[in-house]
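See structure below.
Residue numbers (this note's numbering): 51 to 271.
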């Protein structure tokens, strides 16, 4: 019998993940939830939408698991929603596309998304709440932190360390053996050839630092 999950969020990303879980996973989505202040509809994808504050009563953690569906528009919100779900005691599930290439020694936390055609090499460690969109390449001996978003065809070099809450744009990547600091923002197509500074944006090939965002974090409109 499929395990039952509730998706936290009602965005376009949540809708995509609903279809992914429904078509390609062992989980069955039974409902969506949002914070009470953002409740605008009672159903989404033909399933009920409930207040996050009522989850413990309606869908208790002992019987249901959760997936936190949040995109990249405000990267710091990724950690906030993840932490709220964990504080209520929910186990958060991963989604791994059947078309992804995964080595058996992968070490991975909770609430990660690995989309189709993503190729993860040997000796890779991934934390919690990361997204790897279609066609990403993760090199050998890579360490990835938490709450990162890697867009389509992003390339993470071997022996690199990726911090927390980084955004890596479409087809952006890096050479081997460098560190990507927390809240690094790589604009689409950027190539990083040396370790980055925390809370900075980079653009170009080879890359140049073009902005800082320590106060607000990464905000993408």
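We treat Cβ as the ideally placed atom computed from N, Cα and C, and that holds for glycine.
Under three-state DSSP, which class holds residue i?
i, result
"residue 252", "strand"
Rounded to whole angstroms, what is the Cα-Cα separation between residue i and residue j?
i, j, result
"residue 155", "residue 58", "29 Å"
"residue 53", "residue 82", "15 Å"
"residue 126", "residue 267", "6 Å"
"residue 100", "residue 117", "14 Å"
"residue 251", "residue 234", "6 Å"
"residue 109", "residue 245", "44 Å"
"residue 150", "residue 186", "9 Å"
"residue 143", "residue 265", "31 Å"
"residue 56", "residue 123", "22 Å"
"residue 173", "residue 193", "9 Å"
"residue 166", "residue 65", "17 Å"
"residue 198", "residue 51", "32 Å"
"residue 203", "residue 131", "26 Å"
"residue 217", "residue 184", "15 Å"
"residue 114", "residue 104", "13 Å"
"residue 102", "residue 201", "28 Å"
"residue 107", "residue 137", "15 Å"
"residue 86", "residue 94", "15 Å"
Check whether the Cβ atoms of residue i and residue j sit closer than 8 Å, and answer yes or no.
i, j, result
"residue 153", "residue 133", "no"
"residue 237", "residue 215", "no"
"residue 231", "residue 248", "yes"
"residue 119", "residue 67", "yes"
"residue 178", "residue 191", "no"
"residue 209", "residue 227", "yes"
"residue 6", "residue 195", "This structure leaves residue 6 out entirely; the chain is present only between 51 and 271."
"residue 72", "residue 79", "yes"
"residue 61", "residue 145", "no"
"residue 270", "residue 257", "no"
"residue 273", "residue 219", "With the chain covering only 51 through 271, there is no way to say anything about residue 273."
"residue 182", "residue 211", "no"
Could you give the residue range of the beta strand (DSSP E) that holds residue i?
i, result
"residue 244", "That residue, residue 244, is in no beta strand (DSSP E); it is neither H nor E in DSSP."
"residue 58", "53-58"
"residue 117", "115-118"
"residue 101", "97-101"
"residue 122", "Counting along the chain, residue 122 falls outside any beta strand (DSSP E), and DSSP gives it neither H nor E."
"residue 79", "77-84"
First and last residue of the alpha helix (DSSP H) that includes residue i?
i, result
"residue 258", "Per DSSP, residue 258 belongs to no alpha helix (DSSP H); it is in the beta strand (DSSP E), 258-262."
"residue 73", "62-74"
Checking contacts by CB at 8 Å: is residue i closer than that to chain D?
i, result
"residue 228", "No chain D appears in the structure shown, which is made up of a single protein chain."
Inset, instruction - Any chance you could list the beta strand (DSSP E) runs of at least 3 consecutive residues sitting entirely within the stretch 103-186, in chain order? - result: 115-118
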